[in-house]
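Enquirer: Protein chains in written order, with the numbering used here: chain G, 1 to 243; chain Y, 1 to 57. Glycine included, C-beta positions come from ideal geometry on N, C-alpha and C.
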Amino acid sequence: MIQVDDLTVRYGPTTVLHNVSFAVAQGESFALVGESGSGKSTILKALAGQVDDWSGQMAVGGQRVTRSSSRAQAAQIQMVFQDPYGSLHPRRTVDDALSEPLVIHGLSERDARVLAMLDAVGLARRFRFRLPHQLSGGQRQRVAIARALMLSPKVLLLDEPTSALDVSVQAEILNLLKRLRAEQRLTFLLVTHDLPVVSFLCDRLAVLRAGRVVETAGVATLRGRALASDYGRELLASCEGIV
Amino acid sequence: MFNGEVVEEIGPGALHAATHPYTRGLIASLPRLDEDRAELPVLDRAALARFGQEGRA
Numbered sequence: 001m002i003q004v005d006d007l008t009v010r011y012g013p014t015t016v017l018h019n020v021s022f023a024v025a026q027g028e029s030f031a032l033v034g035e036s037g038s039g040k041s042t043i044l045k046a047l048a049g050q051v052d053d054w055s056g057q058m059a060v061g062g063q064r065v066t067r068s069s070s071r072a073q074a075a076q077i078q079m080v081f082q083d084p085y086g087s088l089h090p091r092r093t094v095d096d097a098l099s100e101p102l103v104i105h106g107l108s109e110r111d112a113r114v115l116a117m118l119d120a121v122g123l124a125r126r127f128r129f130r131l132p133h134q135l136s137g138g139q140r141q142r143v144a145i146a147r148a149l150m151l152s153p154k155v156l157l158l159d160e161p162t163s164a165l166d167v168s169v170q171a172e173i174l175n176l177l178k179r180l181r182a183e184q185r186l187t188f189l190l191v192t193h194d195l196p197v198v199s200f201l202c203d204r205l206a207v208l209r210a211g212r213v214v215e216t217a218g219v220a221t222l223r224g225r226a227l228a229s230d231y232g233r234e235l236l237a238s239c240e241g242i243v
Numbered sequence: 001m002f003n004g005e006v007v008e009e010i011g012p013g014a015l016h017a018a019t020h021p022y023t024r025g026l027i028a029s030l031p032r033l034d035e036d037r038a039e040l041p042v043l044d045r046a047a048l049a050r051f052g053q054e055g056r057a
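1) Starting from the N-terminal side, write out each stretch of the alpha helix (DSSP H) that is 4 residues or longer and does not extend beyond the region 81-165 of chain G.
2) Is the distance from the Cβ of G:Ser38 to the Cβ of G:Arg147 below 8 Å?
3) For Y:Gly4, collect the residues of the same chain with a Cβ closer than 6 Å to its Cβ; drop the 5 residues on either side in sequence, then sort them by chain order.
4) Along chain Y, which residues have their Cβ under 7 Å away from the Cβ of G:Val167?
5) Rounded to the nearest angstrom, what separates Y:Leu48 and Y:Thr23 at their Cα positions?
6) Would DSSP call G:Val191 helix, strand or coil?
7) Tell me whether the region 177-187 of chain G and the region 11-18 of chain G touch, counting them as touching only if at least three CB pairs, one residue from each stretch, are closer than 8 Å.
8) Where DSSP assigns a beta bridge to G:Ala23, which residues make up the other side?
9) Quick check on Y:Asp44 - is its C-beta less than 8 Å from some C-beta in chain G?
10) Quick one: which residues of the region 166-186 of chain G get their C-beta closer than 9 Å to a C-beta of chain Y? List them in chain order.
11) Taking only the alpha-carbon atoms, compute the straight-line gap between Y:Ala28 and Y:Met1 and give it to the nearest angstrom.
12) Quick check on the burial criterion: 16 or more other C-beta atoms within 10 angstroms. Buried or exposed for Y:Gly25?
13) Checking contacts by CB at 8 Å: is Y:Arg50 closer than that to chain G?
14) So, does the CB of Y:Glu39 fall closer than 8 Å to a CB anywhere in chain G?
15) Go ahead and label G:Gln134 buried or exposed: buried means 16 or more other beta carbons lie within 10 angstroms of its beta carbon, across all protein chains shown.
16) Using only the heavy atoms of the ligand ADP, determine whether one of them is closer than 7 Å to the beta carbon of G:Thr66.
17) Using a cut-off of 8 Å between C-beta atoms, extract the partners of G:Leu32 located in chain Y.
18) Cβ atoms of G:Val167 and Y:Leu33: under 8 Å apart, would you say?
19) Per DSSP, which one or two residues make a beta bridge with Y:Met1?
20) What's the call for Y:Ile10, buried or exposed, on a 16-neighbour Cβ count within 10 Å?
21) Nearest to G:Phe200 by alpha carbon, out of G:Leu174, G:Gly122 and G:His193?
22) From the DSSP output, in three-state form, read off Y:Leu26 for me.
23) Give every residue of the same chain whose Cβ lies closer than 7 Å to the Cβ of G:Leu44, excluding the five residues on either side of it in the sequence, and list them in chain order.
24) Give the straight-line distance between the Cα atoms of G:His89 and G:Glu28, rounded to the nearest whole angstrom.
25) Could you tell me which of G:Leu47, G:Arg91, G:Ser68 and G:Leu176 sits nearest to G:Val60, measuring between CA atoms?
26) If we cut at 8 Å on Cβ distances, does G:Cys202 have a partner in chain Y?
27) Threshold first: 4 residues or longer. Then list the alpha helix (DSSP H) segments lying entirely within the region 174-240 of chain G, N to C.
28) Classify Y:Ala14 as buried or exposed, calling it buried when 16 or more other Cβ atoms lie within 10 Å of its own Cβ.
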């Protein structure tokens, strides 16, 4: 479903990704882990067509990502960010946020689709005409997930989707993502620095350091604390003894 | 803290010994590296609210 081959990205004179390659099968959940600056979020941006200076090949759903992706391609792949406050317009209601993609893509039965999506993400219908500041952090993230799903995408790009939430709300959102993935046969590409989150939500992971993939492993290897690369072992050590 | 009150004060190394249901609920809701779980437990806010009222009564 996602194919990245030899992806190199430059910001001005700085190369931030070096020949990154990985593949994610349909319905699979794949994590990109590494600390800040490792380039993991840049991979999501490149797949979403938000990076100018790149080389290599990328494909989503068998269609190559080009510098001018079509509207139909854009609908296949949607992104959810760490901070839903930053990604929701402060003066637009939940209804506006969920209806907008339908309007842009000329889809009908907007009322029914918005209500069905509120139900799907576990947001009570009375929140439909609220503004972002009238919602809790967890509710805002439900709105962001709902908006991402309005066009029935095949792929969700998740950039630290729960790291701004308290741990109980994080659990609610992680449960929601896991259920939606199964119900809608979604493919996930998750960026995080939180290995337990990877263990809960993902099938495989790639470990990134300084713009390079240093290791790719299955989640069983992660759960067995058996990552092979030096940096992978460092990440494991840093999450020892939290509880 | 829960409902504006400090309900428990423990050191970061002693989280496993937490006794307040809110603290225990938070810890339980964390994903675990070595466990494959179908669903994470979430806080039962209604039960916590009842506990809070009884605790003050």
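Expert: This is what the structure gives:
1) 84-87, 94-104, 110-120 and 137-149
2) no
3) none
4) For G:Val167, the C-beta contacts it makes with chain Y under 7 Å involve Leu26, Ser29 and Leu30, in order along the chain.
5) Cα to Cα, the separation comes out at about 11 Å.
6) The answer is strand: DSSP assigns G:Val191 an E or B state.
7) Touching, no.
8) G:Gln3
9) No, no contact with chain G.
10) Listed in sequence order: Asp166, Val167, Ser168, Val169, Gln170, Ala171, Glu172, Leu174, Asn175, Lys178 and Arg179.
11) 16 Å
12) buried
13) no
14) At least one chain G Cβ lies under 8 Å of Y:Glu39.
15) Classification of G:Gln134: exposed, given that the 10 Å Cβ count is below 16.
16) This structure lacks the ligand ADP, and indeed carries no ligand of any kind.
17) Correct list: empty, because the minimum Cβ distance to chain Y is about 17 Å.
18) no
19) Per DSSP, none; premise fails for Y:Met1.
20) exposed
21) G:Leu174
22) Under the three-state reduction of DSSP output, Y:Leu26 falls in the helix class.
23) Met79, Leu157, Asp159, Leu189 and Val191
24) 31 Å
25) G:Leu47
26) no
27) 195-201, 219-223 and 230-238
28) exposed
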